[in-house]
Each structure stands twice: as C-alpha cells, then as structure tokens.
Amino acid sequence: MRKWIILGIPALSALVLLCGRTWADDPMLLPPGFKEGRWVGPSYYKGTGRSAFTALKVGQSARASGMGDAFTAVSDDINAIYWNVAGLTRVKRFAYALGYTRWFVDSKFFTGALARRVGAGTVGVSFIQFQGPTSLETTPLDPQGKSGREISGGNVFVKAAYARQIFDRLSIGLSAKWLQERLDDVRANSINFDFSSLYYTGIGSSRLAMSFNNVGPNRGLIRPGSTDVGTAFAQPFVYTVAAAREVIGRKDGPYRLTGAVELAHHLDDRERMHFGGELWLANTLALRAGYRWRYDTGRWTLGAGVKRDFDAGHGIGVDVSYVDRELFNTAPVRVSLTGTF
C-alpha cells in the first residue's frame, strides 16, 4: 500500500499536467473559485487580467531567482517557504531569511521568513511586502494632478506553513496566507492556501515535486455606498510539476552541480517552463544560472552566493541574483540573507 501511495504522487502530477490545458481552455471545467471573467477563448490572452493579488506571482529568494525560478524540486532550506513548503522538512533546527528585491519603476519587495523544527514536522512563517512607486493623483476635474497629492499602492502577504515527512522519501506541506492589496486608501483583503509535495525517487539524488499555490476564493470590489459587488477577480492560482537531481557530485557534497526543470501552469497565463543550475564549490561558493521559457522579458538569470558553516547546525549565507530585462531600463536585482542555528 505504501509503495502505491508513493508511486501515485508523480502519477497524480502527470494527470494534473495533462488536464491543465483543458482547465484553461474551458471555463466550465475550472474548479470553484476560478470561473470569474469573460471567456474569450484560448487564442486570445490565456486568461490574462483575470486575477488579483498578482504580486504573488513574483518569485522571492535570490537563490531561486538565480536558478531561473526552477526551485520547486530543489527546495531544501528556508527558501522553500516561498516555493515548496514540503522542502521545509530539510530544516533541522531553526532557520531564517531576509530579502530585498529592486523591482520595476522604483518599486521594491521586502521579505522575511522563519522556520523551526517541532517534533516530527517543521513550522514556518513568512512576510512579503510590495511597495509601489508614488504618483500624482488625477481626477476628471484635475487631469494634470495640479493638486500635488500623491498616491501609491502595494501588497502585504503573511503566511503560516507546516511541513512533515510522511515516509522516508516523501514530504508534504501546506500553508495559509493572509493577503492585502492597497491602492491609496482602498484595501482588499483575502486568504488563500498552498499544498505541495517533495519525493526522493531513490534513483541517485533525483526528486520530483508538485505544488498547488494560491488556492482560494474570488474577491470583488464593493463600490462606496453600495452593497453591489463589481468585477470579481480570481486568485493567481498556479500549479507546478518539477524535477531535480545532482548532475555532478552528490546531494550535500562539497562539490556538486544540481540541475532542475519545472513546468508551471497559471490560471491567468500560458504554461511556462523554468530551467536552472546551481554549482557549489567547497560548499562555500555557489554559481547559478537559469532560463525561463515563454516569458516576454526576463528570460535569462544569473546568481551567486556564499555561505559559512561555523559548526553543526550553525551557518550564514548571502545570495544575489540578476534577471535580464531587455524591455526595461532597470533590471530586477535580489539580495537575500539566510542563516541557521
């Protein structure tokens, strides 16, 4: 029975993957909570503009970004809380992470995460803040913004997560998120959930992973002074099937090259693929590169990191990544600080 359960995880991933295009092409087959928006057919925009809280679609962690976002099956440290909660089972005692992202048009992300081993499982919390740029307020009576009043927007996401190793090779994770989206003094709140798994196949160091992220209810905007709900928007649901293994060396070895690939299906966009690699030298210096397929911009990524282990269970690391953005003047740069004790 246990064998069939373990083998069923990758099979379920494949089944979901095959069904993904059907879900996207026929709105009547979408699960509850994903049916909002006018259907225009698969050849138009692939659902573009159907979701809210879109800042959730921006990947966090400089380590993951440097690998082209191909991190779902690699997840083996505190950064797993952003990509595949099941990977938190690799945290042995206590881990933390702080991050900063320089985004487009003077916008930025600030992130933080904590994880701790508790009994047979691992609990974690994370915080993501998106801070948009300011602009002059314009109105029909003041289209030039001569009043001088400035407005801005942003997001805050808070997550609580739990991961547990079910069998020797299989871990699962789940999390709940509180979401807030703000434009000037108008705010929208919601919740959603993530479900994920990480399975070591026993064939070398290869592992398979699957994640369902941002599963939650639609949210609509209520007009001031009215109980009528305007346009409703779905959550930015995405499910991912991924694989990774060490091409050179062994897992956790001092010298190793890890390769990873994943396919991501978005509710509000077409399927995309991520390819990435990470080379560790003396378990101290990491060099990373990745390619993101089917992106209009930001296809190539580069990253690097250094870490220092002081003794068993204690260490600190710094990571940085760069994403090529040929259509924009400012390319995103991420910096992360991680540690364990």
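Residue numbers (this note's numbering): 1084 to 1424. Where is the CB? At the ideal position from N, CA and C, for every residue including glycine.
What is the residue span of the alpha helix (DSSP H) that residue 1252 lies within? For the purposes of this step, residue 1252 is identified with residue 169 of the sequence shown, where counting begins at 1. Per DSSP, residue 1252 belongs to no alpha helix (DSSP H) and is neither H nor E.
Okay, do the region 1262-1272 and the region 1134-1141 touch, 3+ Cβ pairs below 8 Å being the bar? Touching, yes, given that three or more Cβ pairs across the two stretches are closer than 8 Å.
Which of the three DSSP states is assigned to residue 1142 in this structure? The sequence position of residue 1142 within the sequence shown is 59, counting from 1. Residue 1142 falls in the coil class under three-state DSSP.
Have a look at the DSSP bridge pairing and note the partners of residue 1338. Taking the sequence shown and counting its residues from 1, one reaches residue 1338 at position 255. Paired residues: none, contrary to the question.
In the DSSP assignment, find the unbroken beta strand (DSSP E) run with residue 1186 in it and report its ends. The count along the sequence shown starts at 1 and reaches residue 1186 at position 103. Where residue 1186 is concerned, there is no enclosing beta strand (DSSP E), given that its DSSP letter is neither H nor E.
Rounded C-beta distance between residue 1373 and residue 1152? I'm assuming under 8 Å. Counting from one through the sequence shown, the residue named residue 1373 turns up at place 290. Counting from one through the sequence shown, the residue named residue 1152 turns up at place 69. Rounded, the Cβ-Cβ distance is 7 Å, consistent with contact.
Once the 5 residues before and after residue 1127 are set aside, which same chain residues still bring their CB inside 8 Å of it? Numbered from 1 along the sequence shown, position 44 holds the residue referred to as residue 1127. Note on residue 1127: pLDDT 41, under 50, position unreliable in the model; the coordinate value appears next. A distance below 8 Å between beta-carbons, with the five flanking residues on each side excluded, links residue 1127 to no residue of its chain.
Please give me, in chain order, every unbroken run of the beta strand (DSSP E) with length at least 3 that falls completely inside the region 1223-1278. 1236-1248, 1253-1266
Counting C-beta neighbours from all protein chains within 10 Å, is the total for residue 1275 16 or more, i.e. buried, or is it exposed? The residue labelled residue 1275 in the question sits at position 192 within the sequence shown. So residue 1275 ends up on the buried side.
Buried or exposed, going by whether 16 or more other CB atoms sit within 10 Å of the CB of residue 1218? Taking the first residue of the sequence shown as 1, we reach residue 1218 at position 135. Flag for residue 1218 reads exposed.
Extent of the continuous alpha helix (DSSP H) to which residue 1164 belongs: As a position in the sequence shown, residue 1164 is number 81, starting the count at 1. It spans 1163-1166 - the alpha helix (DSSP H) in which residue 1164 sits, taken as one unbroken run.
Starting from residue 1373, trace the beta strand (DSSP E) in both directions and tell me its first and last residue. One-based indexing of the sequence shown puts residue 1373 at position 290. Residues 1368-1376.
Taking the alpha carbon of residue 1342 as the reference point, which residue from 1221, 1388, 1333 has its own alpha carbon closest? Position 259 of the sequence shown, counted from the start, is the residue given in the question as residue 1342. Per the Cα distances, 1333.
Examine the Cβ distances between the region 1174-1181 and the region 1287-1301 and report whether three or more of them are shorter than 8 Å. no
Could you check what DSSP says for residue 1420 in three-state terms: helix, strand or coil? As a first step, residue 1420 is located in the sequence shown; it is residue number 337 there, counting from the start. Three-state DSSP puts residue 1420 in a strand.
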